[in-house]
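*Asks:*
2 protein chains.
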Amino acid sequence: MYTMSSEPPPTPRAAGRLSRSGVLEAAVALADREGLESLSMRRLASELGVVPMALYKHVADKDDLVAGMIDQIVADYRAPQPGLDWRAAVRGRIMAARDALHEHPWLRSALERATQRTPAVLGHMDAVAGELRRGGLSYDLVHHAMHALGHRIWGFSPEAFSDGAGSTTAPDAEPAPVDPAQLAAMAERYPHVVAIALDTAQRAPGGACDTEAEFAFTLDLLLDAVSSLHAAGWRSR
Amino acid sequence: MYTMSSEPPPTPRAAGRLSRSGVLEAAVALADREGLESLSMRRLASELGVVPMALYKHVADKDDLVAGMIDQIVADYRAPQPGLDWRAAVRGRIMAARDALHEHPWLRSALERATQRTPAVLGHMDAVAGELRRGGLSYDLVHHAMHALGHRIWGFSPEAFSDGAGSTTAPDAEPAPVDPAQLAAMAERYPHVVAIALDTAQRAPGGACDTEAEFAFTLDLLLDAVSSLHAAGWRSR
DNA sequence: AGGCTAGGTGTACGATGTACACCATGTCAA
DNA sequence: TTGACATGGTGTACATCGTACACCTAGCCT
């Protein structure tokens with residue numbers, strides 16, 4: 000279960016003393032530095048100069064730890080400046096989530112495997128829903144819109160399709176200068192995939208896919224669609 | 000690395016003899032029955048009446064195992080009947096993926112944590128891209144469309160937003176008859192979330208969200224949007 | 001016949017999450 | 001001032017996991 004972050008400050012900063020928020024902060028820092036997969040209770044404990052079991056006085060278990068990490072970050076998503084129209088406000092909130100995702104690369108997979116919805120997480124969802132509602136959409140349509148926006152609410156659209164021709168193998172550190180023979184073989188089996196990759200490479204100088212632009216494209220596409228449904232007086236059934 | 004499923008049939012079905020496809024089949028069956036989290040090398044081995052390390056003669060490691068499982072399933076996605084227009088064909092392919100997802104509940108999270116793209120997986124992506132291309136879309140637009148469709152290509156849109164008011168806790172077996180006091184507290188902190196849940200509950204007899212309809216709604220929304228961009232002569236930049 | 005190889009066995013190691021009993025220290029009531 | 005009690009860090013221990021490595025065995029080809 001998720002334990003509320005009500006910190007009783009018995010000795011606010013007694014030397015070497017742990018606290019839930021302190022543990023979460025250290026965990027976030029560790030994940031930022033070395034990735035989620037090397038965040039183990041033991042590793043985190045040693046980072047804090049403490050024995051592993053000490054952590055369990057502040058978090059229920061590992062799930063609670065990562066839930067807390069997520070919560071801490073989601074809790075200070077910056078709200079869009081007031082006065083924006085609802086569409087810009089939604090966009091702002093979602094972009095704020097995306098910003099957090101860039102600061103904390105582990106956040107995405109943490110959100111994906113998270114089993115709980117913590118207060119801040121619910122708050123973020125609620126805020127987005129609230130903006131849509133402010134635009135005058137019926138709750139019925141807000142509901143559908145939230146589904147349609149899906150993970151974009153969390154700042155990413157999943158990479159079912161990402162570029163780079165021959166990456167059946169694990170992603171290497173450097174771009175790997177594309178063996179032409181291998182590419183030809185690829186092109187025979189997966190002509191459209193390769194054609195897209197080539198088309199992209201030829202269009203952009205670096206040859207890389209601009210994932211930022213892709214994200215914005217998708218987001219705007221969805222917002223426009225929902226917005227015009229609303230304008231057309233859409234109703235369920 | 001992913002090992003190709005070229006089965007040399009030295010003794011096609013010698014009694015008790017393992018084979019890659021046999022291992023994968025057993026793994027799929029086990030995951031179907033008990034979920035992905037209880038699929039361990041040891042468990043699978045004992046299921047096959049064999050010592051754990053025996054599996055490693057047929058599978059490189061556990062990642063390769065689940066990649067193989069995914070691949071085996073994706074490989075026999077049913078192609079849409081020929082003659083359909085491109086929009087219906089894309090829809091058909093994506094719905095076929097969604098069907099597989101229902102048969103194998105573990106498939107979704109397996110796809111989410113998969114690190115490799117296996118041949119069948121690439122093939123599915125390529126087929127979808129091919130249908131779009133057949134509709135006359137430029138590769139540039141196909142590329143954007145694939146991004147927009149995102150995980151829907153795999154048969155699901157992630158549930159950032161799903162129903163049921165007070166589910167901060169883990170999902171229980173039975174619906175949990177909603178403590179009104181607790182719901183009131185929820186409604187105060189998360190008014191729109193609760194309002195949506197209530198609106199939905201009131202609209203549908205069971206009170207449950209029709210996730211099938213949600214999925215179709217989103218898919219059609221995106222397809223319509225892409226389709227009309229194309230009709231309007233959309234080009235990059 | 002004899003060796004090569006494909007494939008199943010056995011043992012072992014290092015990690016992980018966490019249960020449980022323990023003990024130190026600060027707070028507060030008597 | 002003293003003693004009880006709660007809070008929180010410690011130590012040991014266990015089950016489970018993936019998998020490295022050395023071994024052995026049976027079937028095929030020359």
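Residue numbers (numbering that gives the first Met the number 0), protein chains in the order written: chain A, 0 to 236; chain B, 0 to 236. Positions of the beta carbon are idealized from the N, C-alpha and C atoms, including for glycine. Predicted model, so just to flag it, every value in this text is computed and none were measured.
Following the continuous alpha helix (DSSP H) through arginine 77/B, name the residue where it begins and the one where it ends.
*Replies:* Counting along the chain, arginine 77/B falls outside any alpha helix (DSSP H), and DSSP gives it neither H nor E.
*Asks:* So, isoleucine 152/B versus valine 127/B, is the Cβ gap smaller than 8 Å?
*Replies:* Contact flag set, yes.
*Asks:* May I ask you to report which of helix, strand or coil DSSP gives arginine 132/B?
*Replies:* Arginine 132/B falls in the helix class under three-state DSSP.
*Asks:* Going by alpha carbons, who is nearest to alanine 30/B out of Ser108/B, Gly122/B, Val50/B, Arg86/B?
*Replies:* It is Ser108/B.
*Asks:* Residues of chain B with a CB under 8 Å from the CB of glycine 129/A: which are they?
*Replies:* Within chain B, the residues near glycine 129/A are Pro190, His191.
*Asks:* Rounded to a whole number of angstroms, what is the C-alpha to C-alpha distance between serine 18/A and alanine 212/A?
*Replies:* Taking the straight line joining both Cα atoms gives about 41 Å.
*Asks:* Could you give the first and the last residue of the continuous alpha helix (DSSP H) run that contains tryptophan 233/A?
*Replies:* Premise fails: tryptophan 233/A is in no alpha helix (DSSP H) and is neither H nor E.
*Asks:* Which chain A residues sit within Cβ distance under 7 Å of aspartate 178/B?
*Replies:* Near aspartate 178/B there are no residues of chain A at all, since even the closest Cβ is about 16 Å away, more than 7 Å.
*Asks:* For leucine 218/B, count neighbouring C-beta atoms within 10 Å of its own C-beta (all shown protein chains included) and say buried if the count is 16 or more, exposed if not.
*Replies:* Buried: at least 16 other Cβ atoms inside 10 Å.
*Asks:* Confirm, please, whether the CB-CB distance from glycine 154/B to tryptophan 99/B is below 8 Å.
*Replies:* Checking the displayed sequence, the identity of residue 99/B turns out to be alanine instead of tryptophan. For alanine 99/B and glycine 154/B, yes; Cβs fall inside 8 Å.
*Asks:* Select from the segment 128 to 157 of chain B all residues with a C-beta closer than 7 Å to any C-beta belonging to chain A, and list them in chain order.
*Replies:* Answer set for the segment 128 to 157 of chain B: Ala128, Gly129, Arg132, Tyr138, Asp139, Val141, His142, His143, Met145, His146, Ala147, Gly149, His150, Ile152, Trp153, Ser156, Pro157.
*Asks:* Go ahead and label glutamine 115/B buried or exposed: buried means 16 or more other beta carbons lie within 10 angstroms of its beta carbon, across all protein chains shown.
*Replies:* That one is buried.
*Asks:* When DSSP labels each residue in this structure, what does aspartate 219/A get in the three-state scheme?
*Replies:* Here aspartate 219/A sits in helix by DSSP.
*Asks:* Using alpha carbons as the reference points, say which of His101/A, Asp60/A, Ala53/A, Asp84/A lies closest to valine 73/A.
*Replies:* Taking only the C-alpha atoms, the option nearest valine 73/A is His101/A.
*Asks:* If you pair each beta-carbon of the segment 37 to 49 of chain B with each one of the segment 86 to 100 of chain B, do three or more pairs fall below 8 Å?
*Replies:* Judged by Cβ distances under 8 Å, the segment 37 to 49 of chain B makes no contact with the segment 86 to 100 of chain B, as fewer than three pairs qualify.
*Asks:* I'd like to know if alanine 194/A contacts chain B, where contact means its C-beta is closer than 8 Å to some C-beta of that chain.
*Replies:* So, interface residue.
*Asks:* Please classify alanine 230/A as buried or exposed, where buried requires at least 16 neighbouring CB atoms within 10 angstroms.
*Replies:* So alanine 230/A counts as exposed.
*Asks:* Just to confirm my understanding: we take glycine 232/A, look at its own chain, exclude 5 residues before and 5 after, and list those with CB closer than 7 Å. What are they?
*Replies:* Once the five neighbours on either side are set aside, glycine 232/A has no close Cβ partner at all.
*Asks:* How big is the Cα-Cα spacing for glutamate 111/B and glutamate 111/A?
*Replies:* Roughly 8 Å separates the two Cα atoms.
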